Structures are given as C-alpha cells and as structure tokens.
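Peer 1:
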Amino acid sequence: MAVITISRGCFSHGKEIAEKVAEMLGFECVSREILIEAVRFFDISEKELLRSLHDAPSVLERMTHGREKYLSYIQVALLEHVKKDNVVYHGHAGHLLLPNIPHVLKVRILAELEERVKLLQQEKKISKDEALAFIRNDDRERANWTRYLYKTEISDPGLYDMVLNIGRLKIKDACDIICMAAKSETYTSTAESRKAVENLALSSHVKAALQDICDAEVRSESGQVYIKVKGQKLRKTGGASREVQQKVREQIRADLRREITHKVRKIPGVKEIFCDIDLPYYS
Amino acid sequence: MTAEMIMTMIVLVFVIFLFVSEWVRVDVVGIMMMVLLPLIGLISPKEAFVGLSSNAVCSIIAVIIIGAGLDKTGVMNQVAGPIVKLAGRSEKRVITLISGTVGLISSMMQNIGAAALFLPAAQRIAKRMEVPVSRILMPMGFCAIIGGTVTLVGASPTILLNDLMVLGGKRLEPFGLFTQTPIGLCLLASAIIYFTLFGKFVLPAGEGEADKGVTAALMKEYRALETVFELHVPEDFKGPKTLEELKIRERFLVTVVAISHSAEKEKTFVPRSTDEIRPNDDIAVVGRKKNIITLAQEYGWQIKDGLEVFAESLSRTNAGMAETIVSPRSELIGKTMSEVNFKDLYGINPIALFKGNKIFYSGLTNIRLQMGDTLLLQGPWGKFHILRNRPQPRALSFATPLEGEIMRPQKAKLALGWLGVALFQIIFFKIQLSVALMSGALGMIITGVLSVDEAYRAVDWMTVFLLAGLIPLGIAFEKTGTAAFIAHQILALIGHPTPIVLLAVVGLITSFFTLVVSNVGATVLLVPLCMNMAVMAGGDPRMAALVVGLSASNTFVLPTHQVNALVMRPGGYRTMDYAKAGAVMTVIFLVVEIGVLYMLYGVK
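Heads up: the protein sequence lines correspond to chains A and C, in order. Counting from 35, one number per residue, gives the positions in the first sequence under my numbering. Counting from 505, one number per residue, gives the positions in the second sequence under my numbering.
(1) Going by DSSP, what residues sit across from residue 316 of chain A in a beta bridge?
(2) Quick one: which chain A residues come within Cβ less than 9 Å of residue 526 of chain C?
(3) Residue 1073 of chain C touches chain A at which residues, Cβ-Cβ below 8 Å?
(4) Are the region 962-973 of chain C and the region 551-558 of chain C touching, with three or more C-beta to C-beta distances below 8 Å?
(5) If the criterion is Cβ atoms closer than 8 Å, does the pair residue 140 of chain A and residue 77 of chain A meet it?
(6) Looking at residue 234 of chain A: is its Cβ nearer than 8 Å to the Cβ of residue 113 of chain A?
(7) Return the chain-ordered ranges of every beta strand (DSSP E) run that is complete within the region 195-221 of chain A and spans a minimum of 3 residues.
(8) Does residue 79 of chain A come within less than 8 Å of chain C when only Cβ atoms are used?
(9) Against residue 162 of chain A, what residues of chain C qualify as contacts under a CB-to-CB distance less than 9 Å, listed in chain order?
(10) Please report the residue range of the alpha helix (DSSP H) in which residue 176 of chain A lies.
(11) Answer yes or no: does any C-beta atom of chain C fall closer than 8 Å to that of residue 273 of chain A?
(12) Thinking C-beta only, is residue 263 of chain A closer than 8 Å to residue 237 of chain A?
(13) Would you check if the region 1026-1037 of chain C and the region 1062-1073 of chain C touch, i.e. whether three or more CB-CB distances between them fall below 8 Å?
(14) Does the pairing of the region 998-1013 of chain C with the region 940-954 of chain C give three or more beta-carbon distances under 8 Å?
(15) I believe residue 546 of chain C touches residue 511 of chain C by the beta-carbon criterion, under 8 Å. Please report the beta-carbon distance rounded to the nearest angstrom.
(16) Considering only the beta carbon of each residue, do residue 72 of chain A and residue 108 of chain A sit closer than 8 Å?
(17) Just to confirm my understanding: we take residue 591 of chain C, look at its own chain, exclude 5 residues before and 5 after, and list those with CB closer than 6 Å. What are they?
(18) Below 8 Å between beta carbons: does that hold for residue 205 of chain A and residue 62 of chain A?
(19) Beta-carbon separation of residue 719 of chain C and residue 684 of chain C under 8 Å?
(20) Should residue 266 of chain A go down as buried or exposed, given a rule of 16 or more other Cβ atoms within 10 Å for buried?
(21) If you compare alpha carbons, which of C:1107, C:632 and C:1017 is closest to residue 1052 of chain C?
(22) Does residue 195 of chain A come within less than 8 Å of chain C when only Cβ atoms are used?
(23) From this set, C:855, C:1021 and C:606, which residue's C-alpha is nearest residue 865 of chain C's C-alpha?
(24) Since residue 736 of chain C sits in a beta bridge, which residues does DSSP pair it with?
(25) Within the region 841-898 of chain C, note down every full alpha helix (DSSP H) run reaching 4 residues or more, in order along the chain.
(26) Assuming residue 735 of chain C and residue 800 of chain C make a contact with CB atoms under 8 Å, what is their CB distance in whole Å?
(27) Under a three-way DSSP split, which group does residue 928 of chain C fall into?
(28) Any beta carbon from chain C within less than 8 Å of residue 155 of chain A's own beta carbon?
(29) Within 7 Å: the Cβ of residue 161 of chain A and any heavy atom of the ligand ATP?
(30) Going by the CB atoms, is the gap between residue 565 of chain C and residue 963 of chain C shorter than 8 Å?
(31) Which chain A residues are close to residue 652 of chain C, counting only those with a beta carbon under 8 Å from its beta carbon?
(32) CB-CB under 7 Å to residue 1089 of chain C, same chain, minus the five flanking residues each way: which ones, in chain order?
(33) For chain C, find out if any of its Cβ atoms is closer than 8 Å to the Cβ of residue 297 of chain A; answer yes or no.
(34) Measuring only between beta-carbons, confirm whether residue 612 of chain C sits less than 8 Å from chain A.
(35) If contact is defined by three or more beta carbon pairs under 8 Å, each pair taking one atom from either stretch, is the region 768-781 of chain C in contact with the region 838-851 of chain C?
(36) Going by the beta-carbon positions, is the gap between residue 138 of chain A and residue 220 of chain A smaller than 8 Å?
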C-alpha cells in the first residue's frame, strides 16, 4: 500500500523498471495517461501540455506563469490516481507534484551515459553524435525546468528517498530494492497519510480552478478550503475622492470573493470556503 | 552634453526604473524627486516645491472636492434614474445612453466615480433586458476613461499640461477648459459607435454575477425573507384598517416596511401597528414570496412587478438592512421593543429577532431582549448612521457593514449651482482654472454641501503628491536642456517628419508609455521632450503637449487600470478580453485623435 514515483532521464531504463515494479507489486502504473486525463478534464490542448512538462519555460511563460497553470492541471489528474493508492508513477516531476505525503517513495534512476546513448541509437537508428546531442539537450531541458519551477536541482539526491544507478546494478536488482522499500512500514499508507493526499488533491483542484481568476494560496483540511489572495494592483486613471476610491477597492474585492466562492463551491469535496482577500492597492 | 544633462538623464532612468519595477509607489517617486532634484542641484529648493502650489495641484484638489460634493448630495443618482428610463428596450440605445452619460459626467469629475455610480444601474438594465451584461459594462468603462479627455480637468495628465508647458524658460499660452473638447467628444462618439457596431464581435457574451450587496445577502441568510415587494391597495378595499387589525405579521410572517398614503401624498417608513391602510394606498413588504402572494390574495391587493412608488426611497443607495446585536450594558436589555418605543426611538423597522437558536418573525416587539440577541433591522441608511454614531454604551452594535452613506439630497441644487458658478467664471471671465474651481469648492463648503473636514478627507493625497513631485522633474528636464538634447538626437535618427506625422508618433509613444509607467509619469516625461521635437520639426509645441496629455488616457488593454478593474468581474471579463477589445480601441483612439487634430486644429 504505497505510492512510488520514479524520476529518470530519457533512456535510463526508468520506464522498464517502473513497469516491472508495478507488475511485481500488483500496482497500477501510470505515466502519460495522466496527461490525457488532465487534457480531458480541463479541456486544454495536449500539445501545449506536453510541451509544458518538458521544455524549460520561455521568457513569456515566465512572465505569465503559463507553466504553473498546466502543472496544476497535471497535479490534479495525478492526485486522482494517488488517492486510490498502489500506484507507480514514472512521468515527469512526480516527486515534486506530491509534496509532504508520507507514503510516497521517491526514486531516481540514473544510467551510464554510454548505455543510454546505445539504447537510443538502437531505437532511433541514429548516429552516436546525434544520440549524444539528443540526450544532453533533453537532460538540460529537464534540469532547467525544475530549476525554474521548483527552484531545485534535479540532480540533488536530497530530493529523493533513493537514487539507483543502473550499470553494475541490474534492472532486476533495482526492482527488488524498490519493492522491498515499498513494502516496508515507512511507506505503508495510513489513515493520516491518505488524508494528506485528500487534502492535497482538493487544494490542487481548487488552485487549478482559480488559475484564470487570480493567484491564490490554497490550503485545505477535510473539505474546508482556505484561500488567501494578495491584493490586486490598481492603476489610477484619474483622480477621485478617497471615499470613492475606498468604495471601488472594496467593491473589487467583494466581486473577486464572489467569483472565487462561486467557482470553488462547484468542486466536489468542498464543504466550507474561507476566503481571505487583501484589498486591492494603488501602485 | 553638459554635466547637468548627464545628471538629469541618470535621474530620468532611475525614475523610469522605479515606475516600471514598482519598488515604491508612484507618489513616493514624486516625493523623492522633490528632495533629490534640489539636493543634487538640478533645480533650486524653491522650484522643488513649486508643484505643491501649482495650478494643476490646486485644480485637482478643487475638482475632487466638487466631485465629492456632487456625490454627497446624490446628484449623480438622480441622473441615473431618467437615463435608465430613456434607454428603453434597445440594446444599442442602452449602450449609447449609458456610455455617453458616463463619459460626459466623467469629463467634469472622477472617471472612476462615474463608472462606480452607473455600474449597479447598468447591471440592472442588462438583467431586465436580458442582454449579456458584458456588452454594456466594458463600453461604459472605456467611455468613463475617454470622458476624462473631454475637458482639461477631466483627468490628471491634462490638468498637468499648463504647468509643464514651458519652453526655453518661457511659459506657453495655457489651454482653456474646453480647448480639447472637440477631440474628446469625437473620441467618445467613436468609442460608442465602435461598441454599438462591433460590440457583438469583440465582447464576450459572458454573464457576470450581479452585485447584490449586504442587504440581499442578509435576505438570503434569513430564509423567511426573499425580497421587497410593493403592493397596491385597490379602491374597493374595506378600510381604513390598522396594521394590528389586519394581523399581517402574525398571519403571513410578512413585515410592512413602508406605507404611502396616496390621498395625503405621505410616506411612512416606520409603520406602527396603529397605522391605517386605506384604499389606494401603496405598501412595501418584506417576506417570503409565497406568503406575500397569500396575503395579496386574502385581502385582494395587487402585487406590482417591481418597486414603483418606493423605487427611489427603498433603492439600495437609500435604504436597506443591517444585522445588529444587543450590546453589553445596552439600555434595551430586559425590555421589550414596544416598551421602549423602538420604532419611534430609532426610526428603523425590526424585521426579525434571532434569539438563542430561534428566529422570530412575528411578535418580536413583545419579546424581552437580552445581551447577544441579534436583530435584523430595515430602514433608511441615514437612520442607521445616527444609531451607529450614538455615544457609548451603544444599544446595538452592528454585525454587518453599513452599505449606504449619509446623503444630503436637499443640497443637490446648491451643489450643482456651485459647479455652475465655477464653470461660469472659467468660460465667461477667463479666470484661472484653479481659482475658479476652488471658489466652487469653497462655495460648497460654506453652504454646507459638505463639511470642510469631509472636503479634506476627500482629497486624494496620492494624486496630489504624485503631481506635485513630478512637476519639478519636468522643470529640470526642460531647464537643463536635456529634453532638447534628446529631442535633437531622436529627430536626427528618424529624420524630420511633418508635424502631423510627428504627432502621430508622439501619440503612439505616449500610449505605450502610459501602459508601462503611470499616466502622470508618462505625461511628465514626454511633454518636455515632445514639445522640443515639435519645435524642431516646425510644428506647434502646444499641440504636441496636448497629444501627450490626451494619449495618456489611452489605457484600454490592461485590466489593472482602476475603471477596467472595477467592471472586470461584474462583466465576467478575462484579461484576454481587454487585450482584444482594448487593442482595437487603442488604435481607434489614436486615429480619431490625430484625425481631429488634422481637420479641426489645422495641424498639417
């Protein structure tokens, strides 16, 4: 009864290991289907979503937070699976999308560069140089991606519970080690840890729903959703008495509150909404 | 290039950096300039504070006070009513009338005030006509912004112009209040035409949520109340009968909140149980719709579609509900409401009493009150304010915010009169703007339209210090020759265009700048520069200044500008909608502005 996330570079046998582990433990193995579910759920373009998961964000996206938007959609879809427990996820950023959940076993799989190049060459029938360039580029993109979005180094071993280097360590060995760890008591889900998943699932769902409306901090606790929104920036278009300005600021805040509660109320599992919105401010 | 010019440029870059990065608020940047410029010796200490006594600052203070006076007396509310009636049932007419009125009002006062005032009315009309509210609100908001360009005092950038128009140490002839009016009116007209013709294509058909306010929220909270209904008592009613005899509260759980006796043309807003209902009277009641229908059937009274007789007096701006709690040490503790003559004492109707975990809708006047009991009250806002401002210990403390404010409708004519006096002086005696406007503001204070403290409180110090602090920057920019230097460099780069082409470029640059830095900031930085460029290109520097001042109001593509932000959620708009509809509006604005200058102002 655990959740395993496997983080990997391309052609590092990660997928193979994930599938094998899932088979050995009788777990569900998910990766790309998460994306398709997210696409269906939020009605977005699959191409955009795939790009958002892989390439490092462009300057424009950094300004508009375009990436965070897609990530939160993926997080919602992933958490739907994690809620059911017994899952091996080997898509991107699993270890980052499921923070603070005790029964998640975070694994990073590494492989020798030469091994990876060989594997890619076999599969794509390309030259060694091309394969090398491809892998280098891919690794760099992924590193930039986590650096920007999560301010962490993908290669930092501290992010994972276990880092396995496939080379001398065979795939079979790696699978055994992972299975053993997953069966241990530490990674067995408890009522409490399942609750943590529920809470995270709800708050990520709320966050995704509020994406287009405002930038909100969301926390949830057994159906109670706490939303904190920083004041919106206003620019003057003309002088006005302070009374009028105050009225306008309060009105804008009230409108925002109404829109938020309207949207959040519809999300399944939400029982109560606590909304703390700062007054808009003049810049 | 002199050392002074280099220093000025460094300061300019610093200011632009502060504007864009928003490390400190814009008005703080202004205050910084007041201190920094004399310290590094670019201007004299006297010049540093010249902004505070400038025409611009005094005019804007006066305009804000006049606007607050008009607000306080509810003049604006009285405009809204007839406009709504005139609009009738055509979508195009509604857009035209609302947007046009808002535009014209905001030409003399705060654009945000005009927009905020018409917002509820526009939402109501949209609902009644079943037009998506999004088709009405954005045109209204844009016209409020454009309205600021109709007169010199409509928006802060144009107010600044006269103080910034110094060229080579000489002050240019100042603009009059209406110099720019033809341009402003054409802009307003083009915006309205744009939205009536293309509104369907550029605006989403979204349905924003109507603003309901505290009263509606309270009604929803108390399940036995739904809305205020107006009933007509027909001719054949066998009356007069007192409310006590009719037992409306006991039998139907419906509260009568107002009676209008048609014979005496008299309205009571705190009906007592001894008050009579006679044939041909109109009454306003609060309660559940089902119960009200039963009541009407029982006595043969007619339910009206909406409020008619009480439309004005019971509208959200005049009356409503508030939830109050019996305070500790309240004089009401241990007494019933009939013992203390509650209605006479406070002039407010008790609607429901929340005691323990029970809500009473009838017989509340005979229940002994205890500390912590919650009373739902209904009445004119003025009475609520009197209750709240009573000395301690207060009988009741308020659990919900009070929506309305104290209005002085009886002073409305005086307020309009003083506005007229100010305008009269400007138009016929050519008295300086600041003096004429301040005399209007003073008149309002002396005649009690608003108290002097209210006037002080109304003044928006952020705008005052922003203007006052940036004026010296404009002076330094011009005085040190930096403006001329940069203008020369730019012209050397782009060649020497004809004046009208130059103005078009000026308009474009200003429109861009005003999105990035604030509108006042853009004006201060660009007016000296563009005037110099115009002179070098053989054009009229005043026209260049005017184009900068007007284009600074060309802010439609971002929802951060206050009017846009105000209508955003009620209209159900997204940022993209502003980008779409606003981009077209921005282009139209520039084309019309330059077009009118070409045709009417003789710029070739």
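For every residue, glycine included, the Cβ atom is placed at its ideal position computed from N, Cα and C. Everything numeric in this text was worked out from a predicted model, so none of it was measured.
Peer 2: Walking through what the data contain:
(1) A:268
(2) 267 and 317
(3) 286, 289, 290, 292 and 293
(4) yes
(5) no
(6) yes
(7) 196-200
(8) no
(9) By Cβ distance, chain C contributes nothing, its closest Cβ being about 47 Å from residue 162 of chain A, past 9 Å.
(10) 162-184
(11) yes
(12) no
(13) no
(14) no
(15) 6 Å
(16) yes
(17) 597, 598 and 601
(18) no
(19) no
(20) buried
(21) C:1017
(22) no
(23) C:855
(24) C:786 and C:806
(25) 846-850 and 885-892
(26) 6 Å
(27) helix
(28) no
(29) In the structure on display, the ligand ATP does not appear, and there are no ligands present to speak of.
(30) yes
(31) 271 and 272
(32) 646, 695, 698 and 1060
(33) no
(34) no
(35) yes
(36) no
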